[in-house]
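FYI, in my numbering the residues of the sequence shown are 51 to 481.
One structure is given here, and the rest of the page talks about it.
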Amino acid sequence: MDSPFTGIAAADLEPTAAGAERLDALDPLAAFRDRFHVPKGPDGSDAGYFVGNSLGLQPTAARAIVEQELDDWAALGVEGHFEATRPWYPYHENLRTGFAHVVGAGSGEVVAMNSLTANLHLLLISFFRPEGDRRIILMEDGAFPSDTYAVHSHVVARGGDPERDVVRISTRPGEDLLRLEDVLETIERLGDRLATVMLGGVNFRTGQFLDLASITDAAHAVGATAGFDLAHAAGNVPMSLHDWNVDFAAWCTYKYLNGGPGAVAGAFIHERHATNPDIPRFAGWWGNDPDTRFRMHLEDTFIPVPTAEAWQLSNPPILAMAPLIASLDLFQEAGMPALRAKSRVLTGFLHTCLREMLPGGSEVITPGNAEERGCQLSVRIADRARERFDALAPRGIVADFRPPDVVRLAPVPLYNTFADCLRVAEVLRSI
Ligand SMILES: Cc1ncc(COP(=O)(O)O)c(C=O)c1O
């Protein structure tokens, strides 16, 4: 079904209360907001919550699922592995379809496990394989620090030197955003010295969404692998990781995917690798064929499941996965196409409001083109940025700050409204 938001152009957006009201009335996803707990501001009314890019809101259905697991544990003890309402033994399977929907993958290409950085490590062992003169890993300047630490530690662990073997692509002087042409040109220039490209799919600071398909093609053209940190992309922008031939990816689920603080992360491994039993990996019993998994002392040969689940190490953390089931159900019910259709207009509306109301000299540094961003807008505040940011919370706005001067605002289509967007712009103007 076509979304009523399809075909609404930026020029049609009117940054007024009437404009916001008209768009909220049009919103076919409006009722999803009631399926989340929205924190209250100091005056007791709903806060303007703009940090779904940091910690997504709690789905109202999450509590019942967590309580069910606690009840089943209390009533069944160890039998819960097979007898629980949702048996714990194959619990990770509850997240397969939802993950596949969100990142555009087959159900055998995704797995819920560990945390994001841990998954990056496991994937780098398999897909960053420096050999001979092919030793370089390409990242972006200003990558999330955990990714930099992870990559550097891999290079060192394989006897390399981060100074030499990690190439960081930068924005041009005076610019905030990476240019695709620069990324592609760098990949081509590194050629057969390039082992792996590992970039953030959506940049955590600027909100820029890279063209993952073109970057993957360019990496493959020089014989390198391509993988992405999708922390800020999963649940934010629709993707087609399978069709784009991406080799590997990892994401956390506490941001747009509303899995709760520290919730279990996701990983994608393209089918052509996931079905290859010979790919090097760090193994654990949960990646082994379930038919022989329990023959502990009888079999010490690892027989990988022919899916992304072969990368699992340990049995699934039930309580860390339970809330995610509730959230992924909402994603499937709403559907990524409808969420994206709303998100484009919602973010476009916030952008228009900010353009009208931001104090002079301040600017949105996120790309203006909807194809190159998800819902996050990063606003560079020209004057007394920290002071202005600090004034938001007492006015009921929850946003976040990246020093020295960037305020990040993420209107999330599952629970933010057009009225929220107008409100944050007005508050920024008033302070
Ligand atoms: C882009 C990005 N990468 C990596 C991480 C690290 O995630 P984790 O602590 O789940 O490993 C984060 C956390 O916010 C992030 O935003």
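Ideal Cβ placement from N, Cα and C applies to all residues, glycine included.
inquiry  = What does the Cβ neighbour count give for S364, buried or exposed, with the cut at 16 atoms within 10 Å?
reply    = exposed
request  = Check whether the Cβ of D279 lies closer than 7 Å to any heavy atom of ligand 1, and answer yes or no.
outcome  = yes
Limits of the unbroken beta strand (DSSP E) element including E483 = Since the first residue of the chain shown is 51 and the last is 481, residue 483 is not available in this structure.
key: Backbone CA spacing between P92 and L280 [nearest angstrom]   = 33 Å
request  = Work out the CA separation of D183 and G210 for me, nearest whole Å.
outcome  = 11 Å
M248 - partner residues in DSSP beta bridges = G277
query = Does the Cβ of V206 have 16 or more other Cβ atoms within 10 Å, making it buried, or fewer, making it exposed?
reply = exposed
key: Own chain partners of A283 with C-beta closer than 6 Å, once the 5 adjacent residues on each side are dropped   = G251, V252
key: Straight-line gap, R20 to H323 (C-alpha atoms, nearest Å)   = The structure shown does not extend to residue 20, since the chain spans only 51 to 481, so no value can be given for it.
ask   = With DSSP run on the structure shown, which of helix, strand or coil describes S428?
value = strand
ask   = Quick one: what's F332 bridged to in DSSP?
value = For F332, which the question treats as bridged, DSSP gives no partner whatsoever.
query = With which residues is Q108 paired in a DSSP beta bridge?
reply = H87
inquiry  = On the DSSP letters alone, give me the boundaries of the beta strand (DSSP E) that I219 sits inside.
reply    = 216 to 219
request  = Can you give me the Cβ contacts of F86 inside the same chain, cut-off strictly under 8 Å, excluding the 5 residues immediately before and after it?
outcome  = L107, Q108, P109, T110, N308, L464, Y465
query = Per the contact definition of three or more C-beta pairs closer than 8 Å, is the region 444 to 456 in contact with the region 98 to 107?
reply = yes
query = Excluding five sequence neighbours on each side, which residues of the same chain lie with their C-beta closer than 7 Å to the C-beta of I219?
reply = L188, E190, D191, L228, D232, V233, T236
key: Any non-hydrogen atom of ligand 1 within 7 Å of A315 CB   = yes
inquiry  = Between L442 and ligand 1, is there a pair consisting of the residue's CB and a ligand heavy atom that are separated by less than 7 Å?
reply    = no
ask   = Which residues mark the beginning and the end of the alpha helix (DSSP H) in which F132 is found?
value = 130 to 133
inquiry  = Assuming the contact rule is C-beta atoms closer than 8 Å, A441 and I481 should be a hit. Round their C-beta distance to whole Å, please.
reply    = 4 Å
Residue environment, S393, which counts as buried when at least 16 other CB atoms sit within 10 Å = buried
Backbone secondary structure at D197 - three-state DSSP = helix
ask   = Going by alpha carbons, who is nearest to G312 out of P373, S290, V201?
value = P373
Simplified DSSP state of F82, which is helix, strand or coil = helix
ask   = From S95 to A70, what does the alpha carbon distance come to, in whole angstroms?
value = 18 Å
query = In terms of residue numbering, what span does the beta strand (DSSP E) encompassing V456 cover?
reply = 456 to 459
inquiry  = Using the Cβ count rule (16 or more neighbours within 10 Å means buried), how would you classify F82?
reply    = buried
Whether T397 touches R423 by CB criterion (8 Å) = yes
key: Own chain partners of A391 with C-beta closer than 6 Å, once the 5 adjacent residues on each side are dropped   = S53, F55, T56
ask   = Does the Cβ of F298 lie closer than 7 Å to at least one heavy atom of ligand 1?
value = no
key: CB contact flag (A388, L79, <8 Å)   = yes
key: Environment of E119 [buried if 16+ CB atoms lie within 10 Å]   = buried
ask   = Which two residues bound the contiguous alpha helix (DSSP H) that contains G69?
value = 67 to 76
Enclosing alpha helix (DSSP H) for R390 [first to last residue] = 386 to 407
ask   = Is G337 near P356, with beta carbons less than 8 Å apart?
value = no
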